[in-house]
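Just so we're aligned, residue 784 is where the sequence shown starts under my numbering, counting upward by one. Using N, Cα and C, we set each Cβ at its ideal position, and we do this for glycine too. The structure under discussion appears below in the form of structure tokens.
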Amino acid sequence: MRTGEPLPSVGEVLAALATGLWHWDTAAGLVTLDAEAARLLGLPARPATLTEAQARARLHPVDWNEVAGVVRLAAAEGTLAEVRIRVMDADGRILRVVRSRSKPSFDPERRTYELIGTLQEVTEPAPGTPAARSAVTGDWRRSREAFLLDAGRALAEARSTAEVLRVAGGLSMPGFSPDGLVVYGVEGDRLTITGQHGHHPGDMNPFSNMPLDTDYPAAEVVRTGRAVYLSSPEEYRDRYPATWPLARRFGRHSWAFLPLTAAGRTMGAWMAAFTYPVAFTPDERAVLTTVARMLAQALSRAGAAESERELTEGLQRSMLPSLGPEIPGMRVAARYIPTGGGLQVGGDWYDMIPLPSGRFALVIGDVQGHDVRAAGIMGQLRIALRAYAAEGHRPDAVLSRASRFLHGVTDGSGPDALADPRFATCLYVEADPATGMLEVARAGHPDPVIRMADGTVMMRPTAGGLPLGVDPDADYPTTRFTLEPDETLMLCTDGLIETGGHDLESGWRRLRVLLEDHLAGEYRQEDMETLADALVQAVHGPSSHHTTGPLADRREDDIALVLLCRPAAACGRGGTATAGPPVRRTLLSVAQDEPDRIAEARQHLRELLHDWASPEQVDSAVLLVSEMVTNVLVHTDADALLLAEVLCGDGGRRLRAEVFDTGDDLPHKRRPGELASSGRGLMLIELLADTWGVAPRGEGKSIWFELRERTGAGAPGTTPGSYVP
784 MRTGEPLPSV GEVLAALATG LWHWDTAAGL VTLDAEAARL LGLPARPATL TEAQARARLH
844 PVDWNEVAGV VRLAAAEGTL AEVRIRVMDA DGRILRVVRS RSKPSFDPER RTYELIGTLQ
904 EVTEPAPGTP AARSAVTGDW RRSREAFLLD AGRALAEARS TAEVLRVAGG LSMPGFSPDG
964 LVVYGVEGDR LTITGQHGHH PGDMNPFSNM PLDTDYPAAE VVRTGRAVYL SSPEEYRDRY
1024 PATWPLARRF GRHSWAFLPL TAAGRTMGAW MAAFTYPVAF TPDERAVLTT VARMLAQALS
1084 RAGAAESERE LTEGLQRSML PSLGPEIPGM RVAARYIPTG GGLQVGGDWY DMIPLPSGRF
1144 ALVIGDVQGH DVRAAGIMGQ LRIALRAYAA EGHRPDAVLS RASRFLHGVT DGSGPDALAD
1204 PRFATCLYVE ADPATGMLEV ARAGHPDPVI RMADGTVMMR PTAGGLPLGV DPDADYPTTR
1264 FTLEPDETLM LCTDGLIETG GHDLESGWRR LRVLLEDHLA GEYRQEDMET LADALVQAVH
1324 GPSSHHTTGP LADRREDDIA LVLLCRPAAA CGRGGTATAG PPVRRTLLSV AQDEPDRIAE
1384 ARQHLRELLH DWASPEQVDS AVLLVSEMVT NVLVHTDADA LLLAEVLCGD GGRRLRAEVF
1444 DTGDDLPHKR RPGELASSGR GLMLIELLAD TWGVAPRGEG KSIWFELRER TGAGAPGTTP
1504 GSYVP
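As structure tokens, then:
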């Protein structure tokens, strides 16, 4: 062409460059091709108009999906869309690879795309020759980087070998996704199968336990540390004739075997197999090599974490006891869940100790910290508690001696002591299987919880002292109460209550709902196990995207749980406890030097009457109990003992509250003046209670009152005298 001559037409230039034009309108669902574009797609070299289905049949299905994705992305960013596409013939063979460049546009009203672009053949060597390729899709650089970022993140989040293998099996590489994956490990001088994807069970058995000197690509990779790429079945057969018959039956066309290297050591091999020919260009080999390195690092981390977890959990569980033989008249269930992070060891523990008296003791505690030292102190403290209990000491003496022991171990004094003072909370319960009597001593631990026969759940306030190890001379008062037939005692560490962002109050409400919803009735051991599992499961959040097991790793603290039930059938009762007169019963003592426990008594009574029909009656009952307990503390030198029962009869439910003391003076009504600060207790009881009375005892006396439940008290259409039938 000379200077000044007119430029040739666009069609002539494109024809000279062997470049075709194509137009795709998603609104009409048609693809229009010129003669050169039709030839590149394997059609006669003349203009043609195809439907989307006809055009899609000429392209590799993976590439068609890539075209749609790149078009949407380019339209959103206002850039060109460049895609490499494999053109297929009717038999599924690759005819050629073409490159398309187009400028897509988007119509927001019709929500359709339209693009006009060019098609040009990409000349590349055939598979099996150096630097050849047959599968490129989309913007290769962008797709590769996005894939590697996603793969790296997913493999980094995998916490176990099974999760790593699951992530590896789900990787979709840009343009050349394998349909068969195998991870090989090494044990001694033999090749093992660690995991596989895309094969039926048992398909890989011939390759398992294979000697490393076998003429097999994976064995060679482990021996040499160098990758092996096989682009065709012929290449596989020529290089490894001994094992080719084993691989031929899978019908694959290309294979990549890469070493799994971590910390300079080849720990195994990774095989990616393809059902179509792949030439393994430098770009594809770079992607496979990067994935193999990430996979090796993930497997190394997962293996180390699993070994550490197995070691630490074994250490922790070796310090925990088995519950031993069945206790006549009692059922016991227990759980221990280690913390979800770090070394997964801590100071929580539980124990069941047979006592010389024929009774048994339940112990639950929590040593400060979540490290190996906490676990070691826990083991020492548990042994000390068992020794003191086996000597026959009472609960208060056992905890006093244990506190002195722990203080001596951790106070930092002495030439061999560590300057790392620790303390421990503990709850010690001595139980009599014959009577259900419990003696409880508490050292800074959460109070026990009682689930009554009818499903009512109450926290049982108990006297307590400082955590063990804080003060070697601390005292630990005991609290006595009876576990009634079909009642369940729950002891737990604060990990069960506070896990999941809860505090003691909100965590207790969460557990209370679970305990109340658990099926009531005659208890069997499997019921106890089901309840224990439900309580542990409740404190775990929803499974994360990489966790397939029933429990998620949302565990900020160790969890120890012990359940003790006294079945009615084992107590000589023919049915459940609801068949007898008392539906609910609670007993609470208030000492002279513990006036603050009056507030606990009021709250305790409200929990007992949580489903009472009349809120006004609940307020009245709380007021009367507060008056009776206060009168004992003010007018006598004795402690007050509160017994509250909810009884069921023909006239409905009724509350009977009785306060005992050892004083000899009987109360009497007075007429206080307007300015008097006392003397109205019996007047209030007479006004608010349905019945009441004073009963002398052998030593001391009791004052009691009863309230019959009214339905809808204070509500329109009801009368104060209507009772629950």
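8 Å Cβ shell around residue i - same chain, five flanking residues per side excluded
| i | result |
| --- | --- |
| residue 1321 | 1293, 1294 and 1297 |
| residue 1258 | 1179, 1183 and 1248 |
| residue 1485 | 1441, 1442, 1443, 1444, 1477 and 1478 |
| residue 1509 | The first residue shown for the chain is 784 and the last is 1508, placing residue 1509 beyond what the model contains. |
| residue 1078 | 938, 947, 951, 966, 1043 and 1053 |
Inter-residue Cα distance where the pair is residue i and residue j
| i | j | result |
| --- | --- | --- |
| residue 1084 | residue 1050 | 12 Å |
| residue 1173 | residue 1165 | 12 Å |
| residue 909 | residue 871 | With a pLDDT of only 46 at residue 909, under 50, the local geometry of the prediction cannot be trusted, and the value read off the model is given with reservation. Roughly 15 Å separates the two Cα atoms. |
| residue 975 | residue 1064 | 29 Å |
| residue 1428 | residue 1343 | 31 Å |
| residue 1490 | residue 1169 | 46 Å |
| residue 803 | residue 1010 | 40 Å |
| residue 1022 | residue 1030 | 13 Å |
| residue 961 | residue 888 | 33 Å |
| residue 1351 | residue 1119 | 27 Å |
| residue 1008 | residue 1042 | 6 Å |
| residue 1377 | residue 1487 | 22 Å |
| residue 1217 | residue 1348 | 13 Å |
| residue 1479 | residue 1421 | 15 Å |
| residue 1379 | residue 942 | 50 Å |
| residue 1434 | residue 1256 | 54 Å |
| residue 795 | residue 964 | 49 Å |
| residue 1369 | residue 1386 | 12 Å |
| residue 1371 | residue 1121 | 34 Å |
| residue 1110 | residue 1146 | 16 Å |
| residue 1225 | residue 977 | 50 Å |
| residue 1158 | residue 1149 | 10 Å |
| residue 1425 | residue 1243 | 13 Å |
Residues of its chain near residue i, where Cβ-Cβ distance is below 6 Å and the 5 sequence neighbours each way are ignored
| i | result |
| --- | --- |
| residue 1223 | 1212, 1245 and 1262 |
| residue 1239 | 1367 |
| residue 1235 | 1270 and 1367 |
| residue 1013 | 1019 and 1038 |
| residue 808 | 897 |
| residue 937 | 950 |
| residue 1301 | 1314 |
Residue i (DSSP reduced to helix, strand or coil)
| i | result |
| --- | --- |
| residue 1312 | helix |
| residue 808 | strand |
| residue 1119 | strand |
| residue 1231 | coil |
| residue 980 | strand |
| residue 1033 | coil |
| residue 1077 | helix |
| residue 933 | helix |
| residue 1304 | Per-residue confidence for residue 1304 stands at a pLDDT of 47, beneath the threshold of 50, marking its modelled position as unreliable; the derived number appears in the next sentence. Looking at residue 1304 - three-state DSSP - the assignment turns out to be coil, as it is neither helix nor strand. |
| residue 1188 | helix |
| residue 1295 | helix |
| residue 1163 | helix |
| residue 896 | strand |
| residue 1264 | strand |
Buried/exposed call for residue i, threshold 16 Cβ in 10 Å
| i | result |
| --- | --- |
| residue 1375 | exposed |
| residue 1358 | For residue 1358, the predicted model reports a pLDDT of 47, less than 50, meaning its position is unreliable; a value from the coordinates is still stated below. When all chains shown are included, residue 1358 counts as exposed. |
| residue 1048 | exposed |
| residue 1003 | buried |
| residue 1114 | buried |
| residue 1403 | buried |
| residue 1153 | buried |
| residue 1511 | Look at the range of the chain in this structure, 784 to 1508, and you will see that residue 1511 is not part of it. |
| residue 1091 | exposed |
| residue 1000 | buried |
| residue 1205 | buried |
| residue 1469 | exposed |
| residue 821 | buried |
| residue 832 | exposed |
| residue 1228 | buried |
Residues near residue i by beta carbon distance below 7 Å, same chain, minus five either side
| i | result |
| --- | --- |
| residue 1318 | 1279, 1294, 1297 and 1344 |
| residue 1036 | 1015, 1016, 1057, 1058, 1059 and 1060 |
Three CB pairs or more closer than 8 Å across the segment 864-883 and the segment 834-850: yes
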